[in-house]
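*Asks:*
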Ligand code: NAD
């Protein structure tokens with residue numbers, strides 16, 4: 009594996025151009041467009057994942073100390089389900105979709121034909137280094153594309169393993185993993201692709217968007233940001249606390265849609281904090297450092313960044329940390345300094361600031377004063393309040409009365425809005441994101457309508473009448 013990693017990392021511009029050219033030629037051969045070919049490749053991908061399940065779990069443990077339960081639920085299982093659903097529906101999704109044809113076009117039929125985009129580039133982050141690499145790949149394969157994939161250099165073990173597995177499973181002219189960091193990604197971005205699917209930070213998303221603009225390459229940008237969690241008084245307190253603790257501390261808070269901070273009605277704040285503390289102890293024990301369900305921060309850089317937030321308010325739970333182990337305890341922060349980093353940056357770690365609001369408008373104003381979030385959480389039994397929040401805020405996705413779970417429904421498009429991203433995927437939405445939905449109007453030679461041709465004898469008001477009726 010080390011050789012593979014080494015070789016990939018040493019790829020230079022010429023090597024990358026050779027791979028891109030080979031993929032372009034392969035795409036032009038039309039092989040990847042064939043539906044039975046796509047199905048075979050999805051089955052290969054599925055086999056690759058199931059045959060190497062333990063190796064993947066081990067790599068995730070080395071990088072992030074993920075428990076095997078979490079590794080299966082949030083990385084392997086979720087993509088296996090996606091592959092199965094895609095296999096079951098692919099024929100239907102790939103069929104041309106008939107649409108109405110106005111009488112003016114008589115005799116004609118109209119349809120939308122999903123076409124592959126061509127050679128796509130997928131760039132992944134480190135926090136869910138399997139799911140966020142494979143889920144877009146499922147869409148790319150299903151839609152009939154070729155793909156170059158760049159995992160994150162931060163999740164070293166998973167990157168090396170996925171490169172080895174994928175490069176041994178597929179021909180490089182069809183799918184190729186290229187490992188590396190900033191330098192390699194920038195070399196890749198100099199090439200012309202037909203689509204770029206990027207998951208990562210807003211800052212790097214801007215770099216990718218600029219590079220894509222040079223070639224007018226369309227992009228999907230799956231970015232991050234601060235995802236607020238509003239808690240009303242009218243709730244099931246126990247379930248609310250449990251679901252917040254789960255959503256915040258799964259993968260040690262290194263989840264793009266983790267509740268970043270709580271906006272709690274001041275009347276329920278103390279009761280909620282007590283319950284959240286209760287569930288932190290119940291899930292991770294009195295000393296979470298000893299819990300095998302508690303992962304670790306990816307690296308020292310992120311550890312130091314997170315530790316700096318501990319001074320941005322009063323620690324009322326947790327706060328313990330150990331740099332040598334990249335461990336930070338599940339931490340609650342009260343009396344938050346609203347101008348400090350903790351309320352400006354995406355936290356992306358196990359630190360949860362709790363901010364009280366006096367009335368809902370205050371909470372909504374706070375949310376609307378920032379960038380549009382990737383996710384928004386609302387805990388309330390009061391449907392009028394839920395409706396109001398949905399109507400008066402904008403967010404990539406919302407879960408009401410739970411956290412994270414909208415990502416686990418493949419029927420819902422997953423993506424951001426505004427600064428939290430462009431484009432959405434999962435299930436059929438992935439297929440469509442990686443396709444060009446080509447419009448086709450197919451006329452016959454049976455009938456000819458003479459009125460559109462010069463010399464224009466028809467009066468304008470006659471033309472208006474005809475167009476009103478026929479278009
Ligand atoms: P990142 O932006 O630092 O890195 C993402 C990818 O970009 C990596 O493959 C990296 O090698 C590459 N990269 C980094 N710097 C680059 C540069 N200067 N030029 C070109 N490429 C570069 O993000 P990350 O730290 O890996 O992930 C964390 C971020 O990703 C968080 O903001 C999180 O919210 C976001 N995220 C979003 C989603 C989503 O689905 N919307 C999912 C996971 C993570």
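Numbering (the working numbering), first residue to last: 9 to 479.
C-beta: ideal position from N, C-alpha, C; glycine also.
Since this is a predicted model, take the numbers as computed values, not measurements.
1. Suppose contacts are defined by Cβ-Cβ distances below 9 Å. Is residue 153 in contact with residue 40 by that definition?
2. When every heavy atom of ligand 1 is checked, does at least one fall within less than 8 Å of the C-beta of residue 159?
3. Enumerated in chain order, which unbroken segments of the alpha helix (DSSP H) with a length of 4 residues or greater are wholly contained in the stretch 381-468?
4. Taking a contact to mean a Cβ-Cβ separation below 9 Å, would you say residue 102 touches residue 208 in this structure?
5. Starting from residue 322, follow its DSSP beta bridges and name the residues at the other end.
6. Using CA coordinates, which residue listed in 352, 354 and 393 is at the minimum distance from residue 368?
7. Is it true that the CB of residue 418 sits closer than 9 Å to the CB of residue 228?
8. Where does residue 308 fall in DSSP's three states?
9. Just to confirm the assignment, what range does the alpha helix (DSSP H) spanning residue 48 have?
10. Residue 53 and residue 186 look like a contact to me (Cβ under 8 Å); what is the Cβ gap, rounded to whole Å?
11. For ligand 2, I want to know if residue 381 counts as a neighbour, meaning its beta carbon is within less than 8 Å of at least one of the ligand's heavy atoms.
12. Do residue 384 and residue 403 have their beta-carbon atoms positioned less than 9 Å apart in this structure?
13. Identify, in the order they occur along the chain, each residue of the same chain with its Cβ nearer than 6 Å to the Cβ of residue 151, setting aside the five sequence neighbours on each side.
14. Does any heavy atom of ligand 1 sit closer than 8 Å to the C-beta of residue 162?
15. When we look at the beta-carbon of residue 376 and count the other beta-carbons within 10 Å, is it buried (16 or more) or exposed?
16. Would you say residue 312 and residue 341 are within 9 Å of each other, going by their C-beta atoms?
17. Compute the beta-carbon to beta-carbon distance between residue 129 and residue 46, rounded to the nearest angstrom, for a pair I have assumed lies under 8 Å.
18. Going by C-alpha distance, which of 119, 139, 71 and 61 is nearest residue 86?
19. Name the two residues that bound the continuous alpha helix (DSSP H) containing residue 7.
20. List, from N- to C-terminal side, the beta strand (DSSP E) runs of 3 residues or more that fit wholly inside the stretch 194-220.
21. Answer yes or no: the CB of residue 416 versus the heavy atoms of ligand 1, is any distance below 8 Å?
22. Return yes when the C-beta of residue 147 is under 8 Å from any heavy atom of ligand 1, and no when it is not.
23. Among 463, 28 and 451, whose alpha-carbon lies nearest the alpha-carbon of residue 112?
24. Are the beta-carbon atoms of residue 380 and residue 425 separated by less than 9 Å?
25. Report back the beta-carbon spacing between residue 249 and residue 306 to the nearest angstrom; my notes put them in contact at under 8 Å.
26. Is residue 89 helix, strand or coil when you go by DSSP?
27. Going by the C-beta, is residue 132 closer than 8 Å to any heavy atom of ligand 1?
28. Does the separation of the CB atoms of residue 100 and residue 119 fall below 9 Å?
29. Given residue 12, which residues of its chain have a CB within under 8 Å of its CB, disregarding the five upstream and five downstream residues?
30. Could you give the C-beta distance for residue 191 and residue 206, rounded to a whole number, given that I count them as a contact under 8 Å?
31. State the DSSP-derived secondary structure class of residue 20, mapped to helix, strand or coil.
32. At a cut of 8 Å, does the stretch 240-255 reach the stretch 294-305 through at least three beta carbon pairs?
33. Any Cβ of chain B within less than 9 Å of the Cβ of residue 472?
*Replies:* So, from the listed chains and residues:
1. As a first step, residue 153 must be located in the chain shown, where it is residue number 145. As a first step, residue 40 must be located in the chain shown, where it is residue number 32. Taking the C-beta atoms as reference points, residue 40 is found nearer than 9 Å to residue 153.
2. Within the chain shown, numbered from 1, the residue matching residue 159 stands at position 151. With a cut-off of 8 Å, the C-beta of residue 159 is classified as near ligand 1, since at least one heavy atom of the ligand falls inside that distance.
3. Within the stretch 381-468, the complete alpha helix (DSSP H) runs of at least 4 residues are 391-400 and 435-441.
4. Mapped onto the chain shown, residue 102 falls at position 94. Mapped onto the chain shown, residue 208 falls at position 200. Their beta carbons are not under 9 Å apart, which means residue 102 does not touch residue 208 by this criterion.
5. Mapped onto the chain shown, residue 322 falls at position 314. DSSP, once it has assigned bridges, lists 342 as partnering residue 322.
6. Position 360 of the chain shown, counting from 1, holds the residue named residue 368. Of the candidates 352, 354 and 393, the one whose C-alpha sits nearest the C-alpha of residue 368 is 393.
7. Reading the chain shown from its first residue, position 220 is the one you call residue 228. Reading the chain shown from its first residue, position 410 is the one you call residue 418. By the CB criterion at 9 Å, residue 228 and residue 418 fall outside the cutoff.
8. Position 300 of the chain shown, counted from the start, is the residue given in the question as residue 308. Helix.
9. Taking the first residue of the chain shown as 1, we reach residue 48 at position 40. Residue 48 -> alpha helix (DSSP H) spans 43-59.
10. Counting from 1 along the chain shown, the entry for residue 53 is found at position 45. Counting from 1 along the chain shown, the entry for residue 186 is found at position 178. Between residue 186 and residue 53 the Cβ distance is about 18 Å, and since that is not below 8 Å, they are no contact.
11. Inclusion of ligand 2 in the displayed structure is not the case, the ligand content consisting of ligand 1 alone.
12. Mapped onto the chain shown, residue 403 falls at position 395. Mapped onto the chain shown, residue 384 falls at position 376. Yes, the Cβ-Cβ distance between residue 403 and residue 384 is below 9 Å.
13. Residue numbering aside, residue 151 sits at position 143 when the chain shown is read from its first letter. Here the set comprises 124, 439, 442 and 443.
14. What you label residue 162 is simply residue 154 of the chain shown in a count that begins at 1. Yes; taking the cut-off as 8 Å, the Cβ of residue 162 has a heavy atom of ligand 1 nearer than that.
15. Position 368 of the chain shown, counted from the start, is the residue given in the question as residue 376. With fewer than 16 other Cβ atoms within 10 Å, it is exposed.
16. By one-based count along the chain shown, residue 312 stands at place 304. By one-based count along the chain shown, residue 341 stands at place 333. Taking 9 Å as the Cβ cut-off, residue 312 and residue 341 do not qualify as a contacting pair.
17. Position 121 of the chain shown, counted from the first residue, corresponds to residue 129. Position 38 of the chain shown, counted from the first residue, corresponds to residue 46. So it is not a contact: roughly 19 Å between Cβ atoms.
18. The residue given as residue 86 occupies position 78 in the chain shown. Minimum Cα distance to residue 86 is reached at 139.
19. Residue 7 lies beyond the stretch modelled for the chain, which goes from 9 to 479, so this question has no answer here.
20. Complete beta strand (DSSP E) runs here, min 3: 203-207.
21. Counted from its first residue, the chain shown places residue 416 at position 408. In this structure, the C-beta of residue 416 stays at least 8 Å away from each heavy atom of ligand 1.
22. Taking the chain shown and counting its residues from 1, one reaches residue 147 at position 139. It does not: the Cβ of residue 147 is nowhere closer than 8 Å to a heavy atom of ligand 1.
23. For this step, residue 112 is matched to residue 104 along the chain shown. Selected option, being the one with the closest Cα: 451.
24. Indexing the chain shown from 1 puts residue 380 at position 372. Indexing the chain shown from 1 puts residue 425 at position 417. Their beta carbons are under 9 Å apart, which means residue 380 touches residue 425 by this criterion.
25. Along the chain shown, one-based indexing puts residue 249 at 241. Along the chain shown, one-based indexing puts residue 306 at 298. Between residue 249 and residue 306 the beta-carbon gap is near 27 Å, outside 8 Å, which marks them as no contact.
26. By 1-based counting over the chain shown, the position of residue 89 is 81. It is helical.
27. Here the question's residue 132 lines up with position 124 in the chain shown. For ligand 1, a non-hydrogen atom lies closer than 8 Å to the CB of residue 132.
28. Indexing the chain shown from 1 puts residue 100 at position 92. Indexing the chain shown from 1 puts residue 119 at position 111. Result no, Cβ atoms of residue 100 and residue 119 do not sit closer than 9 Å.
29. For the purposes of this step, residue 12 is identified with residue 4 of the chain shown, where counting begins at 1. For residue 12, the pLDDT reaches just 42, beneath the cut-off of 50, and the residue's location in the model is therefore unreliable, although a value from the coordinates is still provided. Close CB contacts of residue 12 within its chain, under the 8 Å cut and outside five residues either way in sequence, are with 168, 171, 172 and 175 (chain order).
30. Within the chain shown, numbered from 1, the residue matching residue 191 stands at position 183. Within the chain shown, numbered from 1, the residue matching residue 206 stands at position 198. For residue 191 against residue 206, the beta-carbon gap comes to about 17 Å, at or over 8 Å, which does not count as contact.
31. Along the chain shown, one-based indexing puts residue 20 at 12. Residue 20 falls in the coil class under three-state DSSP.
32. These segments do not touch.
33. This model lacks chain B altogether, as it is built from one protein chain only.
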